[in-house]
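Participant: Below is the structure I would like to discuss, written out as structure tokens.
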């Protein structure tokens, strides 16, 4: 499909008019980093236009229960993949700003129902623009280019830079707006999480889609740095990745590429540099060494709020609250890390990782469904990087269903495997539904279908891995 950005621009112009003509707006947005960022952009836009509005963060399964009560209803980072029959037949206006694969054909907006989705215009919504990015494109029609930094944050939180190592497509344009406004800095750096806040040796111990001697071993990480003549302290202060010189980063890059290349089959060696380095994004208005300075760390802080059902705290911070809301976000982040550490220890001590031919999994009953994916990603470093890691836990409702989360090494995604597509097909065969990204995805399946799901998934991967 050819890219047709002009048609999308026309739709955005219609959306601009829909918003300006409305006095009563309800916003429904997804309860993850991208969705909360999208909601913040819309809420700030409404504030500036002095339009009364309410915002609610929801999961996809809540959509059938929603009722039309407002002159204009906006769905952000959701809506395209769900049936909205009751909204389509309503007299109230509906605007959808989403980047997920749509179930409806492109709409004209003439009947008060306008869906704007990049996939309708030949633009890949998985890597070229996020839900927050779509909301920024609307804000941009009002001249609010200073909201571009939130568009960058939403893209990073949605892992849109995961395969290329940088923001591309429409995301690159949003980044450029942020850079031009002096709000965002972009630098090629080591792809190690915790650039601003984690001591360097700690960050290194968490690094690696492939298990290395330094993986989960801080002593080995310290020795690694010592061998490269890289101090771990500046006086009494422990150094972070942010403190390193270009020469020091270059030595780490070279050594990590060398170490990882020895651990993988020859077919994967060409991907190693993409694992070790990529573009990093900083928010220049935030304090150095704060968790809000780096886009990846900021997105984690937002996700901590969403995982523990407190998205409005993140919303307040995104809208500028650097007082009580920020304190509460930091407290939420601390509790989140403690919870993850507790559950990680439980999985390790109980030796709960079970290996099948093509995959590995753990039964995580008792783990919150909101964090099962995060834990699957963390526990991957204790398993076999050549196989995807799947975690199971019960859903929060009374259905008896199971939440399934999958994480895999980026090497498998670089090799062209899209587990989001695979999990969608396998879940459907057992009466469930699923989808997501190539290396981070999930599903909901009926209770009692776990064994069948695992068998089908394992068989599906024959000849793929």
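Residue numbers (our numbering): 32 to 496.
A virtual CB, placed ideally from N, CA and C, is assigned to each residue, including glycine.
Excluding the 5 residues preceding and the 5 following residue 249 in the sequence, name in chain order all residues of the same chain whose CB lies nearer than 7 Å to its CB.
Facilitator: Indexing the chain shown from 1 puts residue 249 at position 218. The residues are 232, 233 and 236.
Participant: Considering only DSSP beta bridges, list what residue 104 is partnered with.
Facilitator: As a position in the chain shown, residue 104 is number 73, starting the count at 1. Paired residues: 57 and 125.
Participant: Would you call the stretch 47-61 in contact with the stretch 105-118, where contact means no fewer than 3 C-beta pairs closer than 8 Å?
Facilitator: Yes, they touch.
Participant: Secondary structure at residue 183, three-state DSSP: helix, strand or coil?
Facilitator: Sequence index remark: in the chain shown, residue 183 carries index 152 (1-based). Of the three classes helix, strand and coil, the one that applies to residue 183 here is helix, per DSSP.
Participant: Are at least three pairs of beta-carbons, each pair with one atom in the stretch 472-487 and one in the stretch 427-447, less than 8 Å apart?
Facilitator: Taking 8 Å as the limit for Cβ pairs, the verdict is that the stretch 427-447 does touch the stretch 472-487.
Participant: Please list the terminal residues of the continuous beta strand (DSSP E) segment that includes residue 290.
Facilitator: Counted from its first residue, the chain shown places residue 290 at position 259. Element bounds for residue 290: not the beta strand (DSSP E) but the alpha helix (DSSP H), 277-292.
Participant: Apart from the five residues on each side of it in sequence, which residues of its chain come closer than 6 Å, Cβ to Cβ, to residue 492?
Facilitator: The count along the chain shown starts at 1 and reaches residue 492 at position 461. Cβ within range, chain order: 389.
Participant: Does the contact criterion of 3 or more C-beta pairs under 8 Å hold for the stretch 209-217 versus the stretch 169-184?
Facilitator: Yes, the stretch 209-217 touches the stretch 169-184.
Participant: Where are the alpha helix (DSSP H) runs, 4 residues long or more, that stay fully inside the stretch 466-491, in chain order?
Facilitator: Correct list: 481-491.
Participant: For residue 362, count the other beta carbons within 10 Å of its own beta carbon; 16 or more makes it buried, fewer makes it exposed. Which is it?
Facilitator: As a first step, residue 362 must be located in the chain shown, where it is residue number 331. Burial call: exposed.
Participant: Run the CB neighbour count on residue 397, radius 10 Å, all protein chains shown included, and call it buried at 16 or more, exposed below.
Facilitator: Position 366 of the chain shown, counted from the start, is the residue given in the question as residue 397. So residue 397 counts as exposed.
Participant: If you measure between the beta carbons of residue 307 and residue 287, is that distance less than 8 Å?
Facilitator: For this step, residue 307 is matched to residue 276 along the chain shown. For this step, residue 287 is matched to residue 256 along the chain shown. Contact: yes.
Participant: Have a look at 140, 256 and 136 and flag the residue whose alpha-carbon is nearest the alpha-carbon of residue 280.
Facilitator: Residue mapping note: residue 280 aligns to position 249 of the chain shown, counting from 1. Considering only alpha carbons, the answer is 256.
Participant: Is the stretch 134-149 touching the stretch 72-89 in the sense that three or more CB pairs, one from each, lie closer than 8 Å?
Facilitator: No contact exists between the stretch 72-89 and the stretch 134-149.
Participant: Closer than 6 Å by C-beta to residue 273: which residues in its own chain qualify, once you throw out the five before and the five after it? Chain order, please.
Facilitator: Working through the chain shown from its first residue, we reach residue 273 at position 242. 226 and 227, listed in sequence order.
Participant: With a threshold of 8 Å on Cβ separation, who are the neighbours of residue 489 within its own chain once the five nearest residues in sequence on each side are excluded?
Facilitator: If you number the chain shown from 1, residue 489 lands on position 458. Answer for residue 489: 387, 388, 389 and 390, listed in chain order.
Participant: Starting from the C-beta of residue 259, find all residues in its chain whose C-beta is less than 7 Å away, skip the five residues before and the five after it, and write them out in chain order.
Facilitator: Residue mapping note: residue 259 aligns to position 228 of the chain shown, counting from 1. Excluding sequence neighbours, residue 259 sits near 282, 283 and 286.
Participant: Give a yes or no on contact between the stretch 334-354 and the stretch 377-384, applying the rule of three or more CB pairs nearer than 8 Å.
Facilitator: The stretch 334-354 vs the stretch 377-384: no contact.
Participant: What whole-angstrom Cβ distance do residue 459 and residue 438 have, given they're in contact under 8 Å?
Facilitator: Within the chain shown, numbered from 1, the residue matching residue 459 stands at position 428. Within the chain shown, numbered from 1, the residue matching residue 438 stands at position 407. At roughly 21 Å, the Cβ-Cβ gap does not stay under 8 Å, so residue 459 and residue 438 are not in contact.
Participant: Whole angstroms are fine: how far does the CA of residue 344 sit from the CA of residue 328?
Facilitator: By 1-based counting over the chain shown, the position of residue 328 is 297. By 1-based counting over the chain shown, the position of residue 344 is 313. Each residue's alpha carbon lies about 16 Å from the other.
Participant: Can you tell which of 495, 117 and 70 has the C-alpha that lies nearest to the C-alpha of residue 450?
Facilitator: Reading the chain shown from its first residue, position 419 is the one you call residue 450. Of the listed residues, the one whose Cα sits closest to residue 450 is 495.
Participant: Let me know the secondary structure DSSP gives residue 219 once reduced to three states.
Facilitator: Along the chain shown, read from residue 1 onward, the residue named residue 219 stands at position 188. DSSP places residue 219 in strand when its eight states are reduced to three.
Participant: Note down, in chain order, each residue of its chain lying with its Cβ closer than 6 Å to the Cβ of residue 32, except the 5 sequence neighbours on either side.
Facilitator: As a working mapping, residue 32 is identified with position 1 in the chain shown. Caution applies to residue 32, whose pLDDT of 34 falls short of 50 and renders its modelled position unreliable; the model cannot decide the point.
Participant: Between which residues of its own chain and residue 68 is the CB-CB distance below 6 Å, once the five residues before and five after are set aside?
Facilitator: Numbered from 1 along the chain shown, position 37 holds the residue referred to as residue 68. Result list for residue 68: 163, 181, 184 and 185, in chain order.
Participant: DSSP on residue 408, reduced to helix/strand/coil?
Facilitator: Residue 408 sits at position 377 when you count from the first residue of the chain shown. Three-state result, residue 408: helix.
Participant: Going by DSSP, what residues sit across from residue 398 in a beta bridge?
Facilitator: In the chain shown, residue 398 corresponds to position 367, counting from 1. Its beta-bridge partners do not exist; DSSP assigns none.
Participant: Alpha carbon to alpha carbon, how far is residue 443 from residue 395? Give it in angstroms, no decimals.
Facilitator: Counting from one through the chain shown, the residue named residue 395 turns up at place 364. Counting from one through the chain shown, the residue named residue 443 turns up at place 412. Cα to Cα, the separation comes out at about 24 Å.
Participant: Go through its chain and collect everything with a Cβ distance to residue 197's Cβ below 7 Å, but skip five positions before and after it.
Facilitator: Taking the chain shown and counting its residues from 1, one reaches residue 197 at position 166. Cβ within range, chain order: 309 and 310.
Participant: Looking at residue 71: is its Cβ nearer than 8 Å to the Cβ of residue 357?
Facilitator: Residue 71 sits at position 40 when you count from the first residue of the chain shown. Residue 357 sits at position 326 when you count from the first residue of the chain shown. No, the pair does not count as a contact, with Cβ atoms beyond the cut-off.
Participant: Residue 447: buried (16+ other C-beta within 10 angstroms of its C-beta) or exposed?
Facilitator: Here residue 447 is taken as the residue at index 416 of the chain shown, counted from 1. With fewer than 16 other Cβ atoms within 10 Å, it is exposed.
Participant: Suppose you measure from the CA of residue 483 to the CA of residue 424; what does that come to, to the nearest Å?
Facilitator: The sequence position of residue 483 within the chain shown is 452, counting from 1. The sequence position of residue 424 within the chain shown is 393, counting from 1. The alpha-carbon atoms of residue 483 and residue 424 are separated by roughly 16 Å.
Participant: Going by C-alpha distance, which of 41, 82 and 48 is nearest residue 54?
Facilitator: Sequence index remark: in the chain shown, residue 54 carries index 23 (1-based). Selected option, being the one with the closest Cα: 82.
Participant: So which of 400, 359 and 46 has the shortest CA-CA distance to residue 374?
Facilitator: Counted from its first residue, the chain shown places residue 374 at position 343. Taking only the C-alpha atoms, the option nearest residue 374 is 400.
Participant: Taking Cβ positions, are residue 241 and residue 318 nearer each other than 8 Å?
Facilitator: Here residue 241 refers to the residue found at position 210 of the chain shown. Here residue 318 refers to the residue found at position 287 of the chain shown. Against a cut-off of 8 Å, the Cβ pair of residue 318 and residue 241 comes out as no contact.
Participant: Compute the Euclidean distance between the alpha carbons of residue 445 and residue 291, then round it to the nearest angstrom.
Facilitator: If you number the chain shown from 1, residue 445 lands on position 414. If you number the chain shown from 1, residue 291 lands on position 260. So the two alpha carbons sit approximately 15 Å from each other.
Participant: Inspect the beta-carbon positions of residue 254 and residue 199 and report whether they are closer than 8 Å.
Facilitator: Walking along the chain shown from the start, residue 254 turns up at place 223. Walking along the chain shown from the start, residue 199 turns up at place 168. No, the pair does not count as a contact, with Cβ atoms beyond the cut-off.
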